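Here the sequence shown is numbered in my numbering, starting from 5 and rising by one per residue. First comes the structure, then the notes that go with it.
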Amino acid sequence: MQKEVTWYFVDLLGQRKGPMSQQQLLEVIAQGRLRPTSLVWREGLAQWQPLSSMEHELRPPTAAKPPLPPTPPDLVETNPFATSPSGFVADWAYATNANEVIYGGFARRFLALMLDSLILWVISVVLVVVLAMIGAASGHMQPQYFLWIYPAMFLLSLLYSSVQESSSHQATFGKRALGIKVTDLDGKPIGWGRAIGRWFGRILSGFLLCIGYLISLFTSRKQALHDLLASTLVVDRWAYTQHPERQKKEGSGAIVAVCILLLVFFVIVPMLAAIAIPQYQTYVMRSQVVSAYMSAEALKPTFAAAYRTEQRCPVNGEAGLRDADAYADHSVSAITIGSFNNDPHQCALQVTIHSTSSTIDGKHLWLSTSAGADSLEWKCSSDLLARYLPQQCR
5 MQKEVTWYFV
15 DLLGQRKGPM
25 SQQQLLEVIA
35 QGRLRPTSLV
45 WREGLAQWQP
55 LSSMEHELRP
65 PTAAKPPLPP
75 TPPDLVETNP
85 FATSPSGFVA
95 DWAYATNANE
105 VIYGGFARRF
115 LALMLDSLIL
125 WVISVVLVVV
135 LAMIGAASGH
145 MQPQYFLWIY
155 PAMFLLSLLY
165 SSVQESSSHQ
175 ATFGKRALGI
185 KVTDLDGKPI
195 GWGRAIGRWF
205 GRILSGFLLC
215 IGYLISLFTS
225 RKQALHDLLA
235 STLVVDRWAY
245 TQHPERQKKE
255 GSGAIVAVCI
265 LLLVFFVIVP
275 MLAAIAIPQY
285 QTYVMRSQVV
295 SAYMSAEALK
305 PTFAAAYRTE
315 QRCPVNGEAG
325 LRDADAYADH
335 SVSAITIGSF
345 NNDPHQCALQ
355 VTIHSTSSTI
365 DGKHLWLSTS
375 AGADSLEWKC
385 SSDLLARYLP
395 QQCR
């Protein structure tokens, strides 16, 4: 009895499989898990051989099949494996284009980059808003504090790209949305160190009008400058997997999507920012004015008690009222207590506003009341524009 031959093969992920019988290997081929260039080996071979060179041994032991119809003309050039005169490849394993690698084209990569940039832009806006709110609440915010946003976004962008591209997804959120991923030159996942190097290479690609990105239009495997420096590829998400036939070529839809994203990123987003940023600045200044107003409101009971005792307008330093500068905080420079406009019959609390914004810094709120009245009825006035004032002062 003839001894059964034992076979081994290297799969699409570069891993050695086996041992297995010839029938098991034929089943693997029939499932499309090997290419004609995939390496196989059996007992008796001096070295590993391409699958296509072993066709004469691996033909299934079946009756001759009727001749196949000729391949349609529009598929001849797109199927690089339909070259065997015996139909070895076409009969057994490989769907049209199933074994070619689809590289990430310029449109898909550009669209992914814009999506990632949009995500990072939103995060940066949130950071700025949070920083501004913390500063407004503490009263210690200085303009130079916002310079910290630059190293923070530098680090965030580095981690955003490198961690995701070296993960099991092999892609950032933008790349995943566009169905592409990053691999090494052999189609394997890259490590974190190479992902970091690739990110720094992107900085070089961005110099000189982004020429480094445009290089991908002219390289054989659509590599940009940072891909060449890091020895990486950007490919379809199904490339170098057990289902390469699921790869999709870049079509006109990607071009349309790029145009839409450009419209959103460079027209709609700036328009929204032009509307939102002034509104936010107004909100911050109004909050500071309201805080200053509440500081004066808190003094009304002490002022009223002093007024009833002295039957005149009290001043700073009397009856529990502190000096004007003693009331300074994040929204108040001073609160001056005394007569309003030098009128002894009008008492007032004059609040001088403190702010990092020159629009309201040094402006005043006046809480005034008439002396001699049975009960103190307060009125609010200001030299500020109405949109910055609390409702009680408008």
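Note that beta-carbon positions come from the ideal geometry of N, C-alpha and C, so glycine has one too. Quick caveat: nothing in here was measured; it's all calculated off a predicted structure.
Compare the Cα-Cα distances from residue i to each of the options and report the closest residue.
i    : options                   : result
S409 : G201, L151, L189 and L131 : Nothing can be reported for residue 409: it is not among the residues displayed for the chain, which extend from 5 to 398.
L369 : Y392, S121 and T223       : Y392
Y217 : Q53, G109 and Q35         : G109
L371 : N345, I364 and G178       : N345
Q396 : D387, L388 and K383       : K383
Q35  : H247, S337 and L325       : H247
P23  : L17, L16, E8 and A330     : E8
S209 : G342, R312 and H230       : H230
R39  : D15, W52 and E47          : D15
A243 : D188, Q354, I279 and A278 : D188
L49  : G183, K252 and M58        : M58
K367 : W125, I123 and V336       : V336
K253 : S161, R180 and D240       : D240
G197 : L163, S291 and I341       : L163
P282 : V268, F270, V238 and S361 : S361
G178 : L119, V105, I272 and L62  : L119
T245 : T176, L160 and E104       : E104
Within 10 angstroms of the Cβ of residue i, are there 16 or more other Cβ atoms? Answer buried if so, exposed if not.
i    : result
S170 : buried
T194 : This sequence places Ile at residue 194; Thr is not what is there. Its Cβ being crowded by 16 or more others within 10 Å, I194 is buried.
T236 : buried
L79  : Any reading at L79 must be qualified, since the residue scores a pLDDT of 41, below 50, and its modelled position is unreliable; the value itself is stated next. So L79 ends up on the exposed side.
P402 : Absent from the structure is residue 402, since the part of the chain shown begins at 5 and ends at 398.
A199 : buried
A97  : At A97, the pLDDT of 33 sits below 50, so the modelled position is not reliable; the number obtained from the coordinates is stated separately. It counts as buried.
DSSP puts residue i in a beta bridge; with which residues?
i    : result
D240 : I184
Q354 : T340 and W370
W11  : M24 and R46
D347 : F344
C384 : L371
Q53  : V44
Y107 : V239
Assuming the contact rule is C-beta atoms closer than 8 Å, residue i and residue j should be a hit. Round their C-beta distance to whole Å, please.
i    : j    : result
A328 : A309 : Not a contact, Cβ separation roughly 19 Å.
K185 : Q168 : Not confirmed; about 10 Å, so no contact.
T320 : R326 : First, the amino acid is wrong: residue 320 is Asn here, not Thr. Indeed, because the Cβ distance is near 7 Å, the residues count as touching under 8 Å.
S374 : Q354 : Actually they do not touch by this definition, with Cβ atoms about 16 Å apart.
Could you tell me the alpha carbon to alpha carbon distance between residue i and residue j, rounded to whole angstroms?
i    : j    : result
S172 : Y154 : 29 Å
H2   : S299 : Nothing can be reported for residue 2: it is not among the residues displayed for the chain, which extend from 5 to 398.
L380 : F307 : 10 Å
F114 : L276 : 23 Å
T356 : F211 : 49 Å
T75  : Y107 : Confidence is the limiting factor: at T75 the pLDDT is only 48, short of 50, which leaves the residue's position unreliable, though a coordinate-based value still follows. In a straight line, the C-alpha of T75 is about 26 Å away from that of Y107.
V134 : S128 : 10 Å
L221 : K192 : 23 Å
C214 : S121 : 15 Å
A136 : Y287 : 11 Å
L151 : M157 : 11 Å
K21  : A234 : 30 Å
Q26  : E249 : 25 Å
W203 : L29  : 42 Å
Q53  : A111 : 38 Å
Q285 : H334 : 17 Å
K304 : A352 : 10 Å
Y297 : L124 : 38 Å
L43  : A116 : 35 Å
V268 : G183 : 21 Å
A330 : T176 : 54 Å
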